[in-house]
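Asks:
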Amino acid sequence: MKVKQLSIFLENQSGRLAEVTGTLGSEGINIRALSLADTSGFGILRLIVNDIAKAHDVLHGKGFTVSETDVIAVEVPDRPGGLASILRILGDKEINIEYMYAFVEKSSQNAVVIFRIENVDQAIEALQASGVRILSSKEVYSL
Amino acid sequence: MWIVAANVLVGSLLEGMGSACEMIWDREHECMSRRNLERLQLERLKETVRRIYDRVPFYRQKMDEAGVRPSEIHSLSDVRKLPFTVKDDMRANYPFNLFAVPMKEIIRIHSSSGTTGTPTAVGYTRNDLDLWAELCARFISAAGVTSDDVAQVAFGYGLFTGGFGLHYGLEKVGAAVIPASAGNTQRHLTLMQDFGATTLVGTPSYALHLGEAVNESGIRDKIKLRWGLFGAEPWTSQMRAEIEQKLGVSATDNYGLSEVIGPGVSGECEESKDGLHVSEDHFLVEIVDPETLEPLDYGEQGELVITTLTKEACPVLRYRTRDITRLNPEPCQCGRTNARMEKVQGRTDDMLIVRGVNVFPSQVESVLLEIEGTEPHYMLVLYKEGVMDALEVWVEVSERIFSDEMKELRELEESILNRLENALGLSIKLKLVEPRTIARSEGKAKRVMDLREKTT
């Protein structure tokens with residue numbers, strides 16, 4: 000149920016982002032989802048890719064500081080209030096969300112939200128108990 | 000009535016003369032013949048070497064290892080038989096292992112800045128403090144200051160020797176001392192106006208900063224400054240011209256270091272401003288080649304090495320200052336005969352001076368090592384913000400310290416910044432950077448990028 004996400008440290012300088020995505024592209028790596036958290040000085044680029052091991056090596060080889068984090072990919076019911084219901088489930092159990100970002104599945108009408116959660120096992124249990132679908136890593140990488 | 004008029008006339012004549020022929024504080028010792036000076040130096044050198052050998056185990060051991068005994072000093076050139084002393088020796092003997100007197104006789108302690116790992120401490124007996132004030136009085140007088148002056152001290156008062164050193168020298172000369180200390184520019188401007196300061200003491204870069212503030216506030220016509228005594232960092236003749244123009248002062252350089260006494264080793268005379276007169280009756284100075292350590296002649300540029308001749312608490316033998324200069328033994332037109340050293344051109348080691356504060360890259364390294372636990376990659380970037388020095392430290396975000404969470408990275412950033420500022424005693428900027436921003440090199444890493452203009 001846990002998905003590996005790649006995090007890359009980037010200085011707040013033009014061209015950095017292009018270099019990362021360009022490098023991955025030339026190695027045939029597909030980016031599935033992306034989020035950029037930034038401050039005035041630097042940013043953390045978070046990526047879900049189809050081949051994380053290769054991506055990690057390639058970027059590391061280019062001198063980037065890279066790390067991997069466990070996240071979960073949750074399918075959001077395709078209706079208004081869909082996301083709210085998921086967040087309510089987590090809120091009721093007092094499960095803290097560190098950050099989240101969303102993307103749309105190509106094959107269906109569903110949105111997928113990536114969550115980084117401290118107590119991820121507890122979150123998985125709570126969500127599944129409420130019938131929420133959590134994508135497997137295989138599904139996510141091949142989206 | 001004509002007697003009164005004559006007195007007034009004589010009085011104003013003398014006052015007029017006061018600025019033309021400045022006072023020599025200690026004519027006997029500042030205008031000695033070289034022969035008498037050298038005789039005095041040799042006498043004092045023998046005494047000091049004997050005393051150090053008897054009282055300070057560290058120096059005794061060093062001399063034994065070098066195979067030299069106090070009785071083997073027969074001439075001034077025999078000083079070359081003695082081993083050198085370096086900053087690391089002082090660090091290794093922190094705090095008081097180099098003291099030549101019991102604590103009971105120590106009445107002042109000063110320390111270098113730096114709270115990580117390696118500070119140095121120096122002590123003073125009553126005689127040392129009297130000497131210190133005397134030596135400062137010499138260059139203060141040479142700079143033009145008299146008991147008629149009102150002196151505003153913009154050096155920091157505290158462990159730094161600059162503040163207290165100049166303070167007691169100025170008091171000795173009889174000037175009215177305002178212990179304003181460093182910082183708070185607005186207050187300095189107010190004091191200058193309210194108290195009619197005639198003399199400013201501090202770092203040259205702060206003087207320039209005050210000069211700009213004075214002009215921006217439009218109070219240039221309201222201030223009465225005449226003399227500027229500046230030191231603790233290198234400064235060019237262009238900077239002198241700028242300071243003199245902005246503040247309306249005659250600016251002179253003075254030099255010293257806490258390891259030897261503090262300010263008071265040497266200072267320029269206002270008359271010539273052509274080299275800093277060294278108080279050679281108290282300090283035996285040599286110039287050596289920084290690589291080979293071979294002695295160099297008068298006129299040749301090299302590293303300044305100082306042996307104290309009369310200090311009681313912390314005498315020191317052949318201290319390598321790491322400052323680059325040259326010596327000129329010719330008598331000066333001011334009448335003083337002691338040798339003059341050229342304005343310091345630079346250093347032989349990696350020490351930097353930022354706003355008058357000594358900074359060693361190794362201090363940054365210690366802090367980062369504490370945080371990361373491994374050899375960190377960093378860069379010290381020095382630049383100018385207006386006329387003031389500024390320092391930005393770049394720290395590489397290695398995989399070891401990288402966190403995926405923004406909150407953690409921000410906390411790390413803040414923690415590194417606080418620790419660095421504490422360790423350096425200076426406010427700085429911090430920038431977290433990618434690995435490749437800090438170039439790798441074979442051999443010794445380049446840790447400093449100095450974007451300020453060269454000092455020569």
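Which chain is which? The protein sequence lines are A and B, in order. First residue of the first sequence: 0, per numbering that gives the first Met the number 0; consecutive thereafter. First residue of the second sequence: 0, per numbering that gives the first Met the number 0; consecutive thereafter. From the three backbone atoms N, C-alpha and C, an ideal C-beta is built for every residue, glycine too. All of these numbers come straight from a predicted model, not from anything done at the bench.
(1) Three or more beta-carbon pairs under 8 Å between the segment 74-85 of chain A and the segment 417-429 of chain B, yes or no?
(2) Given that a residue counts as buried once 16 or more other Cβ atoms are within 10 Å of its Cβ, and exposed if not, what is residue 382/B?
(3) List the DSSP bridge partners of residue 357/B.
(4) Please decide whether residue 43/A counts as near chain B, where near means a Cβ-Cβ distance under 8 Å.
(5) What number of angstroms, rounded off, separates the C-alpha of residue 24/B from the C-alpha of residue 141/B?
(6) Give the list of continuous beta strand (DSSP E) stretches no shorter than 3 residues that lie fully inside the segment 14-60 of chain A.
(7) With a threshold of 8 Å between beta-carbons, can residue 445/B be considered close to chain A, or not?
(8) Along the chain, where does the beta strand (DSSP E) containing residue 116/A start, and where does it finish?
(9) The segment 426-437 of chain B: which residues have C-beta closer than 7 Å to a C-beta of chain A, in chain order?
(10) Exposed or buried, what is residue 202/B when buried is set at 16 or more other beta-carbons lying within 10 Å of its beta-carbon?
(11) Identify, in the order they occur along the chain, each residue of the same chain with its Cβ nearer than 7 Å to the Cβ of residue 139/B, setting aside the five sequence neighbours on each side.
(12) Answer yes or no: does any C-beta atom of chain B fall closer than 8 Å to that of residue 63/A?
(13) Flag this pair as yes or no: are the beta carbons of residue 384/B and residue 430/B separated by less than 8 Å?
(14) Is the segment 276-287 of chain B touching the segment 309-325 of chain B in the sense that three or more CB pairs, one from each, lie closer than 8 Å?
(15) Do residue 41/B and residue 74/B have their beta-carbon atoms positioned less than 8 Å apart in this structure?
(16) Using the Cβ count rule (16 or more neighbours within 10 Å means buried), how would you classify residue 215/B?
(17) By the DSSP assignment, the beta strand (DSSP E) with residue 322/B in it spans what residues?
(18) For residue 392/B, which of helix, strand or coil comes out of DSSP?
(19) Which of the three DSSP states, helix, strand or coil, is assigned to residue 138/B?
(20) Along chain A, which residues have their Cβ under 7 Å away from the Cβ of residue 396/B?
(21) Candidates 126/B, 165/B, 159/B: which alpha carbon is nearest residue 135/B's?
(22) Which stretch, first to last residue, makes up the alpha helix (DSSP H) that contains residue 87/B?
(23) If the cut is a Cβ gap below 8 Å, which residues of chain A does residue 409/B touch?
(24) Going along chain B in order, which residues have a C-beta closer than 8 Å to the C-beta of residue 68/A?
(25) Of the residues 95/A, 87/A, 108/A, 66/A, which one's Cα is nearest the Cα of residue 3/A?
(26) Check whether the segment 71-78 of chain A touches the segment 106-120 of chain A, taking contact to mean three or more Cβ pairs, one atom from each stretch, closer than 8 Å.
(27) Can you find the residues in the same chain that come closer than 6 Å, C-beta to C-beta, to residue 3/B, ignoring five residues on each side of it along the sequence?
(28) Could you work out which residues of chain B lie near residue 97/A, taking near to mean beta carbons separated by less than 7 Å?
(29) Tell me the rounded alpha-carbon separation between residue 121/A and residue 445/B.
Replies: Considering the structure as presented:
(1) no
(2) exposed
(3) 352/B
(4) yes
(5) 8 Å
(6) 30-37, 41-48
(7) no
(8) 110-116
(9) 430, 431, 432, 433, 434, 435, 436
(10) buried
(11) 168, 169, 172, 228
(12) yes
(13) no
(14) yes
(15) yes
(16) exposed
(17) 318-324
(18) strand
(19) helix
(20) 8, 64
(21) 165/B
(22) 86-91
(23) 38
(24) 403
(25) 66/A
(26) yes
(27) Caution applies to residue 3/B, whose pLDDT of 49 falls short of 50 and renders its modelled position unreliable; the value that the coordinates give is listed next. Here the set comprises nothing.
(28) 404
(29) 49 Å
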